[in-house]
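Trainee: One structure, pasted below without further comment.
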Amino acid sequence: MKSTESNKRLYVVATPIGNLSDISQRAIDILKSVDLVLCENTEHSLKLLNYYGIKPKKMKKLTDHESENTIHTYLAYAENIAVISDAGTPLVSDPGHRLVSHAYGAGFSVMAVPGPSALIAALSVCPFEPVPFSFVGFPPRKKSERIQSVQHYASCEHTVIYYESPRRILGLLEDIRVVFGDDHPVFVIKELTKRFETHWAGSVVSVLGQMATVALRGEFVVIIDKRVVREPKVKETDVPLQAMIKGMLAEDMTAQSILKICGGITSMSKNQLYQLILAQKQEK
């Protein structure tokens, strides 16, 4: 149906990621007019609303932990609702997905009120080619799971973007160094649009060295330059290896399992072997 067809409206409203001036007049008008504003943190959001003289008729908390009944109660309470996050565009590494999903089922028109997004803002000032890109959001907190996440993109031909907290930013960069190599280019930016906005660009080793000497505060966006994937050079003696890999793939073995088995019986580097496995998998 058309976005304006229903009288019941859920507005997904983007709010500033730092500089309070980065909000649209339409967003202000909608936040003034709706019957219910849903937000991550009422105290935090009231600072923004008060700054613009917005006195919400009703405010309620919306995180990723509300029950299904609570979400349905919100949707039954009013026909004009706005959802905001602490900063930026809701649902982009912020709560709101379940609300939007249920709103469609309840007959709401779900309408975007676009504005700031740390993801897009960071890409716009990044020296790397911005598209295509893969946005991961926040990586897992456990180091082993985080490394698996980074490894998943090790041969990606896209620019890769992560969000990360100050407590774990150096750990993420170290994992990127291990997986992608010391010289792989990265771009890191923090405190976007704020007074202390800072960025670092260069090899992951040089960025790690620079960041190790400064106080790390605020939220970080980490952008990994795409890896140029080259076809592995297969030596004549490695041709039987291809047949072996095909056979293991036919048995539905994982790429990681094949890598472990074949790593000790080929002259290829680990990365070349991994690319060969992926190529064989695509052919399959």
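Residue numbering for the sequence shown follows our numbering, starting at -2 and increasing by one per position. Every residue gets a Cβ at the ideal spot worked out from N, C-alpha and C, and that includes glycine. Quick caveat, the model's predicted, so the values are computed rather than measured.
(1) Please go through the stretch 122 to 209 and give each complete beta strand (DSSP E) segment of 3 or more residues, from N-terminal end onward.
(2) Could you pull out every residue in the same chain whose Cβ sits closer than 6 Å to the Cβ of His41, ignoring the five residues on either side in sequence?
(3) Can you tell me which of the three DSSP states Met56 falls into?
(4) Output yes or no for whether 8 Å exceeds the beta carbon distance between Val133 and Ser121.
(5) Between the stretch 212 to 224 and the stretch 235 to 244, do three or more beta carbon pairs fall short of 8 Å?
(6) Beta carbon of Cys259, beta carbon of Leu275: below 8 Å?
(7) Closest to Val31 by CA distance: which of Met108, Thr86, Arg95 and Gly85 is it?
(8) Relative to the C-alpha of Gly85, which residue among Pro111, Thr67 and Ala100 is closest?
(9) Tell me where the alpha helix (DSSP H) around Arg95 begins and ends.
(10) Among Pro182, Phe193 and Ile117, which residue has its Cα nearest to the Cα of Ile221?
(11) Please report the distance separating the alpha-carbon of Thr1 from that of Ile68.
(12) Could you tell me the boundaries of the alpha helix (DSSP H) in which Leu33 lies?
(13) Express the C-alpha separation of Glu171 and Leu205 in angstroms, rounding to a whole number.
(14) Please classify Val211 as buried or exposed, where buried requires at least 16 neighbouring CB atoms within 10 angstroms.
(15) List the whole-angstrom C-beta distance separating His155 from Pro137, where the pair is believed to meet the contact cut-off of C-beta under 8 Å.
(16) For the stretch 158 to 178 against the stretch 248 to 259, are there 3 or more C-beta pairs whose distance is under 8 Å?
(17) Quickly, what does DSSP pair Met250 with across the bridge? List them, please.
(18) Quick one: what's got a C-beta closer than 6 Å to Val157's C-beta in the same chain, skipping five residues either side?
(19) Three-state secondary structure (DSSP) at Ser3?
(20) Can you give me the C-alpha to C-alpha distance between Arg192 and Asn38, rounded to a whole angstrom?
Mentor: By the coordinates alone:
(1) 130 to 134, 156 to 161, 182 to 187 and 195 to 200
(2) Asp83
(3) strand
(4) no
(5) no
(6) no
(7) Met108
(8) Pro111
(9) His94 to Gly102
(10) Pro182
(11) 22 Å
(12) Premise fails: Leu33 lies in the beta strand (DSSP E), Leu33 to Cys36, not in any alpha helix (DSSP H).
(13) 8 Å
(14) exposed
(15) About 20 Å separates the two Cβ atoms, so there is no contact after all.
(16) no
(17) Met250 is not bridged to any residue.
(18) Ser131, Tyr150 and Ile221
(19) coil
(20) 23 Å
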